[in-house]
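Report on the following structure.
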Amino acid sequence: MVQHVAFVTGAGSGIGREIARLLASRSLKIIVADINMAGAEETVSIIKENNGEAAAVYCDVTNLESVKSAVQDSLNYYQQIDVLVNNAGWDKVEPFLKSEPDTWKRIIDINLMGQIHTCKAILPLMIESGYGKVVNIASDAARVGSSGEAVYSAAKGGVVALTKTLAREMARHKININCVAPGPSNTPLFQEIGSYNEGLAGALEKAIPFRRLAQPEDIAGAVAYFVSDEAGYVTGQTLSVSGGLTML
Ligand SMILES: NC(=O)c1ccc[n+]([C@@H]2O[C@H](COP(=O)([O-])OP(=O)(O)OC[C@H]3O[C@@H](n4cnc5c(N)ncnc54)[C@H](O)[C@@H]3O)[C@@H](O)[C@H]2O)c1
């Protein structure tokens, strides 16, 4: 059986780590791509302890040269990349009128330009091999808005639109490109946001029909579906995983 290779950005923490762990448990080899090498190495250890295969590579998604060099490092490990999960992301929650250009730039560079860079570097490899699955992590902020996250919502809206157009362009090459839009999820990023917005988690738990935040496992399951053969005829879609908070 062919063992596919997945390049997962931001896999040194939170949702990305769980995506990497789940795909490894389904026999994919994992490239854990992150700027946080300590976190990336920890993810690799977790995968190896469970008899999976993984390697950590330094990858700053905001920088195309860094992405290209991470792709080369990955090819040195595993010779191919069949699956790309664009998960790296970052946000600072604050009212739009209090936010400043440096923050906007950082948010757009990580959340939107990062996905553009990895697609530019990795899609040609998929075209050459005639196989590819791309899963872009957006956010429900892209679909329904989210107070305090104006520029982040715009960047994630860009991710949804990028997904649709690339899905059209890549269909002739048998490459599927889909989007997972998490609702509020219990991760280090959310805890950072929650730490200066006391009461946020409790308020969300009341509003979410399932009465709990998403766990990274909930998001990883949706990614695994898009990567699976069962989703072979699905492309250009955005799936919200939000415990019913958003129904679109
Ligand atoms: N947690 C939530 O509530 C939530 C909700 C909706 C969407 N999301 C999205 O899910 C994804 C994962 O978020 P998380 O909550 O697990 O966050 P997290 O902070 O736990 O993990 C994000 C990872 O991305 C990495 N990263 C940051 N900048 C990077 C860069 N320039 N290059 C490479 N890696 C970089 C970090 O080092 C970290 O390991 C993000 O795209 C986020 O926007 C999260």
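In the working numbering, the protein residues as written are 1239 to 1486. For glycine and all other residues, C-beta sits at the position ideal for the given N, C-alpha and C.
Judged by their CB atoms, Val-1243 and Asp-1320 are nearer to each other than the 8 Å cut-off. Boundaries of the beta strand (DSSP E) harbouring Phe-1245: 1243-1247, taken from the DSSP string. The residue among Gly-1459, Thr-1425, Asn-1414 and Ala-1388 with its C-alpha nearest the C-alpha of Ser-1263 is Gly-1459.
Here Ile-1413 is near Val-1372, since their CB atoms are less than 8 Å apart. Taking C-beta atoms under 8 Å as the contact rule, Ala-1452 and Pro-1420 qualify, at a distance of about 6 Å. With a 10 Å radius around the Cβ and a threshold of 16 neighbouring Cβ atoms, Asn-1289 comes out exposed.
Val-1299 sits close to His-1355, with the two beta carbons spaced by under 8 Å. Gly-1370 sits in a strand when the DSSP states are folded into three classes. Every beta strand (DSSP E) stretch that sits fully inside the region 1242-1314 and reaches 3 residues is listed by chain position as 1243-1247, 1267-1272 and 1292-1296. Counting only the Cα atoms, Val-1246 lies some 29 Å from Ser-1385. In the DSSP assignment, Ile-1348 falls outside any beta strand (DSSP E), carrying neither H nor E. In this structure, the alpha-carbon of Ala-1441 lies about 47 Å from that of Met-1239.
In this chain, the beta strand (DSSP E) harbouring Ser-1478 covers 1476-1479.
Taking C-beta atoms under 8 Å as the contact rule, Pro-1454 and Gly-1252 qualify, at a distance of about 6 Å. For Leu-1438, the shortest C-beta to heavy atom distance toward ligand 1 is 7 Å or greater. Looking only at Ser-1283, Lys-1402, Glu-1291 and Pro-1426, the smallest Cα-Cα distance to Tyr-1315 is reached by Glu-1291. If you check the C-beta of Asp-1311 against ligand 1, you find no heavy atom less than 7 Å away. Of the candidates Val-1479, Gln-1310 and Gly-1470, the residue whose Cα lies closest to the Cα of Asp-1378 is Val-1479.
Taken in chain order, the complete alpha helix (DSSP H) segments of 4 residues or longer contained in the region 1392-1447 are 1426-1433 and 1438-1445. Residue environment for Met-1485: exposed (fewer than 16 other C-beta atoms within 10 angstroms of its C-beta).
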